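A short write-up of the structure that comes next.
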DNA sequence: TCAAAATCGTTCAAGTTTAAAATATTTCTT
DNA sequence: AAGAAATATTTTAAACTTGAACGATTTTGA
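Chains as they are written, first to last, in the working numbering: chain F, 337 to 496; chain W, 337 to 496.
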């Protein structure tokens, strides 16, 4: 793992940070995903239900921005969720280009029973750090994430 | 973003940590990937070249463990890199099941010219945090990553 | 008002990833 | 030494994601 002192101290620090970020995320993601599979959902499907469950109905493109996937992908995810009867698409009356997406009754039910247990699992995973460490890590990641977002020339539209 | 005080304090702390980890990784990954595209490589292709360049020749399955993808995927990535003349597969003489993978002369050349510039870009991205913050974050991520890895029932073989 | 431009969602084709099955080789057991 | 089990890699089929192209609708601006 030691990226032999080859690119200067600052670069090694940065490279090492990047590797650890990728590893921590990868493992956390795999473990979280394993939990989600138990509910018969894929990770992106779960992310959509979570967004709708916590934030309420929203448009297709809002979902894409929320869970960081492209529009074409959102369509597929919604197709599958709709097929399972978990979400409903409602074409807006005011602007008929827009599709509002919401949890169905069944979707709400699944979300409620599922998310609480999932939250427990996430809590369990995070508990490998003390609460103070979690606070520190959270703050540093927030700073990193926000600062990097500023460098990201991508979908940064806030208006609507 | 505020996951309304719904699942208890500890759970909210953990959920928030998870969200921030995913966001920071996602943005970092996208920016890093954008840099890599400039060399005509995909992110996993780059990861393979990096592993081979820094650690020397290794087997197909070592590569998979290193860059955290499945064996089948490594095969495809290597096929494409081999097609571009960047890596070479050498079937081991002692154990003919094993394929050792190494950079070709052209691959070495690309790696040298590419990785230094990429390291600079990563350093630039990481510099949104102070060096001390990077050290702290690195340490916390390392602890998190290693502890989670212990919970991960997956490819944890260390023997060979 | 009416045509051009912009926006929203879907469709499509191509590339990536995974898990499982298949192949080849080696090691273990008896 | 022979067959069973294990190991390393590739192949295959299915799923996911993306970016570009497309159709429908709304907004803009002459």
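Ideal Cβ placement from N, Cα and C applies to all residues, glycine included.
On a predicted model such as this, the values are computed, not experimentally measured, just so you know.
Residue nearest to residue i in terms of C-alpha spacing, selected from the options
{"i": "residue 405 (chain F)", "options": "F:460, F:380, F:423", "result": "F:380"}
{"i": "residue 345 (chain F)", "options": "W:473, W:351, W:467", "result": "W:467"}
{"i": "residue 328 (chain W)", "options": "W:368, W:441, W:363", "result": "A question about residue 328 (chain W) goes unanswered here, because the residues of chain W that appear run from 337 up to 496."}
{"i": "residue 409 (chain W)", "options": "W:419, W:365, W:482, W:396", "result": "W:396"}
{"i": "residue 464 (chain W)", "options": "F:354, F:342, F:343", "result": "F:354"}
{"i": "residue 500 (chain W)", "options": "F:469, F:461, F:483", "result": "The structure shown does not extend to residue 500 (chain W), since chain W spans only 337 to 496, so no value can be given for it."}
{"i": "residue 420 (chain W)", "options": "W:377, W:482, W:401, W:366", "result": "W:377"}
{"i": "residue 416 (chain W)", "options": "W:382, W:366, W:365", "result": "W:382"}
Sub-8 Å separation of residue i and residue j beta-carbons
{"i": "residue 399 (chain F)", "j": "residue 384 (chain F)", "result": "yes"}
{"i": "residue 498 (chain W)", "j": "residue 393 (chain W)", "result": "No statement about residue 498 (chain W) is possible, as the shown extent of chain W runs from 337 to 496 and does not include it."}
{"i": "residue 459 (chain F)", "j": "residue 347 (chain W)", "result": "yes"}
{"i": "residue 473 (chain W)", "j": "residue 480 (chain F)", "result": "yes"}
{"i": "residue 356 (chain W)", "j": "residue 478 (chain F)", "result": "yes"}
{"i": "residue 349 (chain W)", "j": "residue 471 (chain F)", "result": "yes"}
{"i": "residue 425 (chain W)", "j": "residue 412 (chain W)", "result": "no"}
{"i": "residue 453 (chain F)", "j": "residue 343 (chain W)", "result": "no"}
{"i": "residue 422 (chain W)", "j": "residue 449 (chain W)", "result": "no"}
{"i": "residue 361 (chain F)", "j": "residue 358 (chain W)", "result": "yes"}
{"i": "residue 447 (chain W)", "j": "residue 389 (chain W)", "result": "yes"}
{"i": "residue 387 (chain W)", "j": "residue 403 (chain W)", "result": "yes"}
Any chain W beta carbon closer than 8 Å to residue i
{"i": "residue 381 (chain F)", "result": "no"}
{"i": "residue 438 (chain F)", "result": "no"}
{"i": "residue 360 (chain F)", "result": "yes"}
{"i": "residue 479 (chain F)", "result": "yes"}
{"i": "residue 418 (chain F)", "result": "no"}
{"i": "residue 356 (chain F)", "result": "yes"}
{"i": "residue 494 (chain F)", "result": "Bear in mind that the predicted position of residue 494 (chain F) carries a pLDDT of just 35, short of 50, making it unreliable; the figure below should be weighed with that in mind. Not closer than 8 Å to any Cβ of chain W, the Cβ of residue 494 (chain F) fails to qualify, so no."}
{"i": "residue 399 (chain F)", "result": "no"}
{"i": "residue 406 (chain F)", "result": "no"}
{"i": "residue 387 (chain F)", "result": "no"}
{"i": "residue 424 (chain F)", "result": "no"}
{"i": "residue 414 (chain F)", "result": "no"}
Beta-ladder partner(s) of residue i, from DSSP
{"i": "residue 424 (chain F)", "result": "F:438"}
{"i": "residue 333 (chain W)", "result": "In this structure chain W extends from 337 to 496, so residue 333 (chain W) is not present and cannot be described."}
Below-8 Å beta-carbon distance, residue i vs any chain F residue
{"i": "residue 427 (chain W)", "result": "no"}
{"i": "residue 372 (chain W)", "result": "no"}
{"i": "residue 396 (chain W)", "result": "no"}
{"i": "residue 375 (chain W)", "result": "no"}
{"i": "residue 442 (chain W)", "result": "no"}
{"i": "residue 467 (chain W)", "result": "yes"}
{"i": "residue 485 (chain W)", "result": "yes"}
{"i": "residue 452 (chain W)", "result": "yes"}
{"i": "residue 411 (chain W)", "result": "no"}
{"i": "residue 350 (chain W)", "result": "yes"}
{"i": "residue 474 (chain W)", "result": "yes"}
{"i": "residue 347 (chain W)", "result": "yes"}
{"i": "residue 447 (chain W)", "result": "no"}
{"i": "residue 339 (chain W)", "result": "No answer about residue 339 (chain W) holds up, because its pLDDT of 47 lies below 50 and its placement is not dependable."}
{"i": "residue 384 (chain W)", "result": "no"}
{"i": "residue 507 (chain W)", "result": "As shown, chain W starts at 337 and ends at 496. That puts residue 507 (chain W) outside it, with no answer to give."}
{"i": "residue 353 (chain W)", "result": "yes"}
{"i": "residue 458 (chain W)", "result": "yes"}
{"i": "residue 471 (chain W)", "result": "yes"}
{"i": "residue 464 (chain W)", "result": "yes"}
{"i": "residue 343 (chain W)", "result": "yes"}
Open item on the list: My parser needs the beta strand (DSSP E) runs of 3 or more residues fully inside the stretch 437-472 of chain F; what are they?
Closed with: none
Task: 3-residue-minimum beta strand (DSSP E) runs that sit fully inside the stretch 341-420 of chain W, ordered along the chain - done: none
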